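K.L.:
Take a look at the following structure, please.
Number of protein chains: 2
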Amino acid sequence: MKFSAQEEYGLRCLIQIGLKGSATIPEISRDEGLSEHHTAKLLSILRKERFLNSTRGHIGGYRLARAPEKIVVGEVLAALGGRLYDEEFCERHSGLLSTCAHSGSCAVKSLWSEVQAAVDHVVSHITLADLIANAQKEAEQLYKPRNGALLSIPVASGT
Amino acid sequence: MKFSAQEEYGLRCLIQIGLKGSATIPEISRDEGLSEHHTAKLLSILRKERFLNSTRGHIGGYRLARAPEKIVVGEVLAALGGRLYDEEFCERHSGLLSTCAHSGSCAVKSLWSEVQAAVDHVVSHITLADLIANAQKEAEQLYKPRNGALLSIPVASGT
DNA sequence: AAGAATCATGACGATTATGTCATGAATGTC
DNA sequence: GACATTCATGACATAATCGTCATGATTCTT
Chain A
1 MKFSAQEEYG LRCLIQIGLK GSATIPEISR DEGLSEHHTA KLLSILRKER FLNSTRGHIG
61 GYRLARAPEK IVVGEVLAAL GGRLYDEEFC ERHSGLLSTC AHSGSCAVKS LWSEVQAAVD
121 HVVSHITLAD LIANAQKEAE QLYKPRNGAL LSIPVASGT
Chain B
160 MKFSAQEEYG LRCLIQIGLK GSATIPEISR DEGLSEHHTA KLLSILRKER FLNSTRGHIG
220 GYRLARAPEK IVVGEVLAAL GGRLYDEEFC ERHSGLLSTC AHSGSCAVKS LWSEVQAAVD
280 HVVSHITLAD LIANAQKEAE QLYKPRNGAL LSIPVASGT
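Residue numbers (our numbering), protein chains in the order written: chain A, 1 to 159; chain B, 160 to 318.
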């Protein structure tokens with residue numbers, strides 16, 4: 001059971017755009033350490049799935065398609081990486097047979113459903129707004145080291 | 160987020176062996192509709208992970224390494240398909256950078272941990288014995304249609 | 001209208017997961 | 001000890017995922 005790379009990177013990009021209000025591919029690319037092409041592909045998926053709107057041309061870029069409170073993380077993950085257990089799951093895992101050896105319900109199927117339900121319970125109650133809020137807190141942390149002193153910005157001399 | 164094929168098939172094989180007490184590769188292969196080679200590979204993984212013991216030669220085969228009550232489904236899944244979120248996760252997803260753009264804690268990381276915890280809560284409380292019990296019930300169901308009547312074999316009438 | 005900035009798209013190559021195959025080794029029976 | 005039965009292992013082929021790349025389209029500024 002794994003998260004896909006697309007889920008990880010796609011969600012990060014979405015958070016980043018939420019944080020900044022709007023952003024271009026080169027910006028997100030820099031922020032997240034991805035190639036521009038890769039970023040473009042991810043954002044394009046998120047756009048097709050209607051989490052982002054895009055505008056081309058000068059002063060273009062991406063912004064969220066709705067308020068972050070209305071973007072449920074579970075839906076984003078499903079769009080980026082599919083669901084853990086869906087209707088076609090059994091068909092895909094019938095081995096050499098045309099239909100799964102365990103007709104109707106099977107012991108494993110009900111386990112998968114339980115796991116899926118547990119995951120859903122978490123991700124359907126978290127919105128992008130929550131993740132953005134977390135990310136903001138963390139950004140603040142960077143400027144507040146444990147000892148509480150303010151970070152002094154190093155001054156480049158002689159340039 | 161997906162279950163891997165190995166998790167699905169491996170777990171099924173384990174249940175099947177639990178049901179039968181002991182079984183050979185050709186048997187499991189038939190029961191689950193997998194090729195013998197494929198079955199051999201799966202069982203061999205389960206053996207290396209110490210969920211199964213094997214004996215070679217005539218009257219050999221596989222059996223559970225411990226009582227099914229002692230085999231936690233979460234551990235089986237981790238062995239077959241890894242964990243959703245582990246220590247190396249961030250290293251694997253640092254994009255072009257040598258280390259993840261989000262040093263220390265990040266918004267996504269804490270989400271993954273929550274999801275992982277929810278999954279763990281389910282799978283760490285289910286043992287192979289539970290799945291075997293379910294599988295047994297289902298096998299019985301096949302012989303008990305909903306109306307409770309005994310199955311009468313339909314007789315082709317002269318129409 | 002020219003040019004710069006920006007997104008759009010589909011094809012391609014690389015990497016990883018999946019499943020197959022050939023060969024070998026152990027065990028029990030006769 | 002020859003043989004049938006069974007597991008063991010590593011190399012290989014195939015398929016899915018992941019990420020790159022080339023090219024094109026749209027929009028704004030001047």
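Just so you know, even glycine gets a beta-carbon here, dropped at the ideal spot from N, CA and C.
Computed from a predicted model, the values in this text were never measured in an experiment.
If residue 240 (chain B) and residue 2 (chain A) are in contact, beta carbons under 8 Å, what's the gap, nearest whole angstrom?
P.N.:
That pair is a contact at about 7 Å.
K.L.:
So what does DSSP say about residue 317 (chain B), is it helix, strand or coil?
P.N.:
In this prediction, residue 317 (chain B) has a pLDDT of 48, which is less than 50 and means its spatial position is unreliable; what the coordinates show is noted afterwards. Coil.
K.L.:
Mapping DSSP to helix, strand and coil, what is residue 223 (chain B)?
P.N.:
In the structure shown, residue 223 (chain B) sits in a strand (DSSP, three-state: E or B).
K.L.:
Count the other C-beta atoms from every protein chain shown that fall within 10 angstroms of the C-beta of residue 106 (chain A), then say buried if there are 16 or more, exposed otherwise.
P.N.:
It counts as buried.
K.L.:
Among B:206, B:211, B:245, which residue has its Cα nearest to the Cα of residue 272 (chain B)?
P.N.:
Cα-wise, what sits closest to residue 272 (chain B) is B:245.
K.L.:
Count the other C-beta atoms from every protein chain shown that fall within 10 angstroms of the C-beta of residue 171 (chain B), then say buried if there are 16 or more, exposed otherwise.
P.N.:
Buried.
K.L.:
Under the assumption that residue 192 (chain B) contacts residue 97 (chain A) (Cβ atoms under 8 Å), give the Cβ distance between them as a whole number of angstroms.
P.N.:
Contact flag correct, Cβ pair sits at about 4 Å.
K.L.:
Could you check whether residue 15 (chain A) and residue 52 (chain A) sit closer than 8 Å to each other, using their CB atoms as the reference points?
P.N.:
No, these two residues do not count as a Cβ contact at 8 Å.
K.L.:
Could you list which residues in chain A have their beta carbon closer than 9 Å to that of residue 253 (chain B), in chain order?
P.N.:
Here the neighbours are 33.
K.L.:
To which residues of the same chain is residue 95 (chain A) closer than 8 Å at the C-beta, ignoring the five residues directly before and after it?
P.N.:
For residue 95 (chain A), where only same-chain residues beyond five positions count, the Cβ hits under 8 Å are 101.
K.L.:
For residue 241 (chain B), decide whether its Cβ has a neighbour in chain A, counting only Cβ atoms nearer than 8 Å.
P.N.:
Taking Cβ atoms only, chain A reaches closer than 8 Å to residue 241 (chain B), which makes this a yes.
K.L.:
If you draw a straight line from the C-alpha of residue 166 (chain B) to the C-alpha of residue 137 (chain A), how long is it?
P.N.:
Rounded to whole angstroms, residue 166 (chain B) to residue 137 (chain A) spans 37 Å at the Cα level.
K.L.:
Which class does residue 23 (chain A) belong to by DSSP, given the choice of helix, strand or coil?
P.N.:
Looking at residue 23 (chain A) - three-state DSSP - the assignment turns out to be strand.
K.L.:
Can you tell which of A:120, A:24, A:134, A:124 has the C-alpha that lies nearest to the C-alpha of residue 58 (chain A)?
P.N.:
Of A:120, A:24, A:134, A:124, the residue nearest in Cα terms is A:24.
K.L.:
For residue 189 (chain B) and residue 22 (chain A), I'd like the C-alpha separation in whole angstroms.
P.N.:
Those two C-alpha atoms are separated by around 56 Å.
K.L.:
Does the separation of the CB atoms of residue 118 (chain A) and residue 277 (chain B) fall below 8 Å?
P.N.:
Yes, the pair counts as a contact, with Cβ atoms nearer than the cut-off.
K.L.:
At 8 Å on the CB atoms, spell out the chain A contacts of residue 267 (chain B), in chain order.
P.N.:
Within chain A, the residues near residue 267 (chain B) are 8, 11, 12, 15, 131.
K.L.:
If I measure Cβ to Cβ from residue 209 (chain B) and keep anything under 7 Å in the same chain, skipping five residues before and after, which residues do I get?
P.N.:
Hits under 7 Å: 224.
K.L.:
Does any residue of chain B bring its CB to less than 8 Å from the CB of residue 25 (chain A)?
P.N.:
Not one chain B Cβ lies under 8 Å of residue 25 (chain A).
K.L.:
Thinking C-beta only, is residue 288 (chain B) closer than 8 Å to residue 178 (chain B)?
P.N.:
Not in contact: residue 178 (chain B) and residue 288 (chain B) (Cβ atoms no closer than 8 Å).
K.L.:
Using a Cβ-Cβ distance cut-off of 8 Å, determine whether residue 212 (chain B) contacts chain A.
P.N.:
No, no contact with chain A.
K.L.:
List the residues of chain B whose Cβ lies closer than 7 Å to the Cβ of residue 121 (chain A), in chain order.
P.N.:
The contacting residues are 277.
K.L.:
Out of A:109, A:40, A:35, state which residue places its alpha-carbon closest to the alpha-carbon of residue 62 (chain A).
P.N.:
Minimum Cα distance to residue 62 (chain A) is reached at A:40.
K.L.:
I'd like to check one pair, residue 274 (chain B) with residue 76 (chain A): are the Cβ atoms closer than 8 Å?
P.N.:
No. Outside cutoff.
K.L.:
Pull up the distance between the alpha-carbon of residue 268 (chain B) and that of residue 26 (chain A), whole angstroms please.
P.N.:
Rounded to whole angstroms, residue 268 (chain B) to residue 26 (chain A) spans 24 Å at the Cα level.
K.L.:
Can you find a C-beta in chain A that's less than 8 Å from the C-beta of residue 238 (chain B)?
P.N.:
No, residue 238 (chain B) does not count as interfacial toward chain A.
K.L.:
Enumerate in chain order the residues of its own chain whose CB-to-CB distance from residue 83 (chain A) is below 6 Å, with the five nearest sequence positions on each side excluded.
P.N.:
There are no such residues.
K.L.:
Between residue 187 (chain B) and the rest of its own chain, which residues show a CB-CB distance below 6 Å, the 5 nearest in sequence each way excluded?
P.N.:
So the list reads 172, 175, 198, once near-sequence residues are dropped.
K.L.:
Residue 5 (chain A) to residue 300 (chain B), Cα distance in whole Å?
P.N.:
Near 41 Å, if we compare the C-alpha coordinates of residue 300 (chain B) and residue 5 (chain A).
K.L.:
State yes or no: is the C-beta of residue 225 (chain B) nearer than 7 Å to some heavy atom of the ligand ZN?
P.N.:
This structure lacks the ligand ZN, and indeed carries no ligand of any kind.
K.L.:
Would you please state the rounded distance, in angstroms, between the beta carbons of residue 228 (chain B) and residue 286 (chain B)? I believe it to be under 8 Å.
P.N.:
Correct: roughly 5 Å between the Cβ atoms.
K.L.:
Name, please, each residue of chain B whose Cβ falls closer than 9 Å to the Cβ of residue 126 (chain A).
P.N.:
Going along chain B in sequence order, the residues near residue 126 (chain A) (Cβ under 9 Å) are 270, 273.
K.L.:
Can you tell me whether DSSP reads residue 99 (chain A) as helix, strand or coil?
P.N.:
Residue 99 (chain A): coil per DSSP, three-state reduction.
K.L.:
Whole angstroms are fine: how far does the CA of residue 291 (chain B) sit from the CA of residue 233 (chain B)?
P.N.:
Going by the C-alpha atoms only, they are around 15 Å apart.
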